[in-house]
Ligand code: GRF
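Residue numbers (the numbering used here): 262 to 459.
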């Protein structure tokens, strides 16, 4: 019998560079899992394109498609069931995960945040806002955090963190680039650790 690979869904809204880094780690057999679904609120974005190019089902599920929020949540749950998803990997997904999904996938939703949580997290802390806040606070280091997702923004159990220095003359853009490079190495390492511990 073929060995079971953990079935992953990735949720994305943008470029999908973390998705690519994770997919590469899986292809290179550093992580014993497979992406069987890419779900996005947008039909066109870098992540969805990458999924299509790599034969991973790319599905748009957006609140805009459903006048009733309940139907939107039901569509998401249906897709997750249909693809027999075991873990949800958030990689630049710019929407709040519905509570029903958080409950159903308790301790099985993972996120990466571009700062050292619990600092610089919470509602509204995303993208360049995070790096602007880090620089304004005069921090000498920043980094990335991989954590489990619960009902509150950026508050779930921390799995792994990695630091990067904040350098003199940094702008939100230069800091963002340094943190993102660090994310691409950290996320595969953290996911591998999580899945190996199951
Ligand atoms: C990353 O900085 C990640 O920490 C945050 O969103 C960004 C996604 O970038 N959650 P990408 O789409 O993976 O390139």
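Using N, Cα and C, we set each Cβ at its ideal position, and we do this for glycine too.
Bear in mind that the values here come from a model prediction, so they are computed numbers and not experimental data.
Proximity test, residue i beta-carbon vs ligand 1 heavy atom, cut-off 8 Å
i: residue 374; result: yes
i: residue 395; result: no
i: residue 275; result: yes
i: residue 440; result: yes
i: residue 437; result: yes
i: residue 327; result: no
i: residue 302; result: no
i: residue 403; result: no
i: residue 348; result: no
i: residue 339; result: no
i: residue 387; result: yes
i: residue 272; result: no
i: residue 279; result: yes
Buried/exposed call for residue i, threshold 16 Cβ in 10 Å
i: residue 439; result: buried
i: residue 348; result: buried
i: residue 428; result: exposed
i: residue 399; result: exposed
i: residue 404; result: buried
i: residue 288; result: exposed
i: residue 325; result: exposed
i: residue 264; result: exposed
i: residue 279; result: buried
i: residue 392; result: buried
i: residue 304; result: exposed
i: residue 406; result: buried
i: residue 257; result: Within the shown structure, residues of the chain are numbered from 262 to 459, placing residue 257 beyond reach of any answer.
i: residue 339; result: exposed
i: residue 294; result: buried
i: residue 366; result: buried
i: residue 291; result: exposed
Beta-carbon proximity list for residue i, same chain, < 6 Å, skipping 5 on both sides
i: residue 350; result: 269, 271, 371
i: residue 313; result: 319
Cut-off 7 Å between Cβ atoms - residues of its own chain near residue i, not counting five sequence neighbours on either side
i: residue 307; result: 275, 276, 277
i: residue 382; result: 374, 376, 414, 415
i: residue 281; result: 311
Own chain, CB closer than 8 Å to residue i, minus 5 neighbours either side, in chain order
i: residue 360; result: 412
i: residue 401; result: 426, 427
Minimum Cβ-Cβ distance from residue i to chain B less than 9 Å
i: residue 356; result: The displayed structure is made up of one protein chain only, and chain B is not part of it.
Open item on the list: Ignoring anything shorter than 3 residues, give me the beta strand (DSSP E) runs that lie fully in the segment 290-349, in order along the chain.
Closed with: Taking only runs of at least 3 residues, the beta strand (DSSP E) segments lying wholly in the segment 290-349 are 294-301, 319-321.
Open item on the list: Which runs of the beta strand (DSSP E) at least 3 residues long sit entirely within the segment 363-417? Give them in chain order.
Closed with: Restricted to the segment 363-417, the beta strand (DSSP E) segments that are unbroken, complete and at least 3 residues in length are 370-374, 402-409, listed in chain order.
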